[in-house]
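Per this note's numbering, the very first residue in the sequence shown carries number 14; after that it's consecutive. One structure below.
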Amino acid sequence: MPSTDAGDAAIEATDLRKTYGSEVALDGVSLSVPPGRVYGFLGPNGAGKTTTMRILTGLTRPTSGTVRVSGIDVNDRRNLAPRVGYLPETPPLYDEFSAREQLDYVADLRDIPKDTARRRIDDYLDRFDLTEDADRRTGTYSKGMRQKTAFAQTVLHDPDVLFLDEPTSGLDPKAVRRIREFIVEFADAGRTVFLSTHILPVVEAVADRVGVLFEGRLVAEGAPEDVKARAETGERASLEDAFLEITGDGDARRTAGPDE
Ligand SMILES: Nc1ncnc2c1ncn2[C@@H]1O[C@H](COP(=O)(O)OP(=O)(O)OP(=O)(O)O)[C@@H](O)[C@H]1O
14 MPSTDAGDAA
24 IEATDLRKTY
34 GSEVALDGVS
44 LSVPPGRVYG
54 FLGPNGAGKT
64 TTMRILTGLT
74 RPTSGTVRVS
84 GIDVNDRRNL
94 APRVGYLPET
104 PPLYDEFSAR
114 EQLDYVADLR
124 DIPKDTARRR
134 IDDYLDRFDL
144 TEDADRRTGT
154 YSKGMRQKTA
164 FAQTVLHDPD
174 VLFLDEPTSG
184 LDPKAVRRIR
194 EFIVEFADAG
204 RTVFLSTHIL
214 PVVEAVADRV
224 GVLFEGRLVA
234 EGAPEDVKAR
244 AETGERASLE
254 DAFLEITGDG
264 DARRTAGPDE
């Protein structure tokens with residue numbers, strides 16, 4: 014069957030606009046992510062990243078524009094839900110459940126067969142060093158333990174496209190590495206990750222493509238090397254240098270010196 018680039022995209026967003034009263038949160042955002050890629054989504058506070066992710070996962074309706082994920086219109090929630098995992102910035106966990114109960118509960122909601130669910134739950138608990146605490150209430154967990162539990166519940170149904178909002182928030186270096194490894198393995202298996210984070214070294218380590226959102230517009234997009242090349246600091250520029258240049262904070266960085 015002949016195919017087009019648009020038809021093949023894992024995420025295809027066209028001219029997204031979102032207004033809240035007179036506030037313009039998104040002002041014509043279009044993006045396309047092929048399967049098997051990791052897309053790093055950057056932007057300063059208030060740029061519209063969360064709004065974009067909620068629209069891409071069908072949780073918020075855009076004022077105008079369209080989104081297809083895995084070829085499915087995001088308004089078609091019944092067909093979309095099994096294909097997509099979304100880790101929001103503040104993940105929903107029931108304090109009174111243990112990690113194991115929380116994951117069992119999500120497996121049930123997702124109709125994952127019992128044997129598969131048990132195997133995956135044991136695997137994720139082990140992978141994220143939660144096995145020993147798996148039967149303790151999540152309400153007694155540290156922030157990092159809650160984040161790891163939430164990550165496991167986001168991927169438990171084996172989605173095709175993963176939307177991650179600050180997935181390494183509150184995690185120790187070992188757990189950050191586990192998440193990075195997971196993202197790379199996931200993409201190597203032909204699946205897609207849309208990763209929003211302020212932790213630029215994580216993006217540099219895993220992203221194939223980077224988009225920078227600023228005041229509701231995608232102001233830079235490309236391979237991390239190409240986006241970095243936009244920084245005036247030249248060859249040795251980091252993604253952070255480029256981010257600060259692109260979002261207009263380059264002056265602050267350049268003038269900060271030992272005299273200040
Ligand atoms: N429900 C809402 N009602 C009114 N304004 C909103 C709402 N949600 C978001 N906004 C506004 O839209 C803009 C974008 O917010 P959004 O949360 O998407 O930014 P963000 O890039 O995710 O920021 P951060 O990095 O701080 O999480 C902000 O000006 C915010 O005040």
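Positions of the beta carbon are idealized from the N, C-alpha and C atoms, including for glycine. If you're wondering where the values come from, they're calculated on a predicted model, not measured in any experiment.
Collapsed DSSP secondary structure at residue i in the structure displayed
| i | result |
| --- | --- |
| G59 | coil |
| E238 | helix |
| R30 | strand |
| R150 | strand |
| F141 | coil |
| D171 | coil |
| G157 | helix |
| E258 | helix |
| E25 | strand |
Alpha carbon of residue i to alpha carbon of residue j, nearest angstrom
| i | j | result |
| --- | --- | --- |
| P105 | R74 | 21 Å |
| A22 | V82 | 8 Å |
| T103 | F110 | 17 Å |
| A112 | T167 | 13 Å |
| K3 | Y52 | In the structure as shown, the chain begins at 14 and stops at 273. Residue 3 is therefore absent and cannot be evaluated. |
| I192 | D40 | 32 Å |
| S43 | L29 | 6 Å |
| D146 | D136 | 14 Å |
| F199 | R50 | 9 Å |
| G261 | R132 | 48 Å |
| V232 | V225 | 6 Å |
| V119 | L93 | 16 Å |
| L122 | P180 | 22 Å |
| A255 | A165 | 32 Å |
| F207 | R149 | 31 Å |
Classification of residue i by the beta-carbon crowding that lies within 10 angstroms, buried from 16 upward
| i | result |
| --- | --- |
| S35 | exposed |
| Y107 | exposed |
| G229 | buried |
| A130 | buried |
| K241 | buried |
| D12 | Not covered by the structure: residue 12. The range shown for the chain is 14 to 273. |
| S155 | exposed |
| P214 | exposed |
| G61 | buried |
| P237 | buried |
CB-CB length for residue i against residue j, believed under 8 Å
| i | j | result |
| --- | --- | --- |
| N88 | G71 | 6 Å |
| R90 | V174 | Wrong, their Cβ atoms sit about 14 Å apart, outside the cutoff. |
| V359 | G235 | The displayed coordinates of the chain run from 14 to 273. Any statement about residue 359 would go beyond what the structure contains. |
| L184 | G157 | 5 Å |
Return the chain-ordered ranges of every beta strand (DSSP E) run that is complete within the stretch 183 to 243 and spans a minimum of 3 residues. 205 to 209, 222 to 227 and 230 to 235
In chain order, which continuous runs of the beta strand (DSSP E) of length 3 or greater are located wholly inside the stretch 56 to 123? 77 to 82 and 97 to 100
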